[in-house]
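For what it's worth, this note's numbering labels the leading residue of the sequence shown as 3, then goes sequentially.
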Amino acid sequence: MVNWCDLKNLCKYTNLSGYYYGNGLGVNLDQVKAFEWYKKAAECNDNYSQYEIGKCFYEGRGTKRDIVKAIYWLNKAKENGNFNAMND
């Protein structure tokens, strides 16, 4: 099994896969796949993906709605300098 955090150079691009699936850019719109890609990047401390995964948990987009997990990931994004998380 691939340990995504060992592949830090790929992690910054992993969030793009989440973005493409989440917005249907060049691929079929798939919120579950978007969530999966964002989660991989979020676990590597990508603050954009941490923010997005927090929103996914808050809205129930691509995963079951979970406010506790949403708050956790949004706080992680804020701690790691995500501008949107700081202003939400």
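In this text, a Cβ means the ideal position worked out from N, Cα and C, and glycines have one as well. Since we're looking at a predicted model, the values are computed, not measured.
Residue i classed as buried or exposed, judged by whether at least 16 other C-beta atoms fall within 10 angstroms
| i | result |
| --- | --- |
| D48 | buried |
| M3 | Any answer about M3 is weak, because its pLDDT of 45 lies below 50 and its placement is not dependable; what the coordinates show is given next. Classification for M3: exposed. |
| G2 | Since the first residue of the chain shown is 3 and the last is 90, residue 2 is not available in this structure. |
Member of the options whose CA lies at the smallest distance from the CA of residue i
| i | options | result |
| --- | --- | --- |
| I69 | A79, C58, L31 | C58 |
| F85 | C13, Y50, K71, Y23 | Y50 |
| I55 | A72, C46, K66 | A72 |
First through last residue of the alpha helix (DSSP H) which encompasses residue i
| i | result |
| --- | --- |
| E61 | 49-61 |
| V70 | 69-81 |
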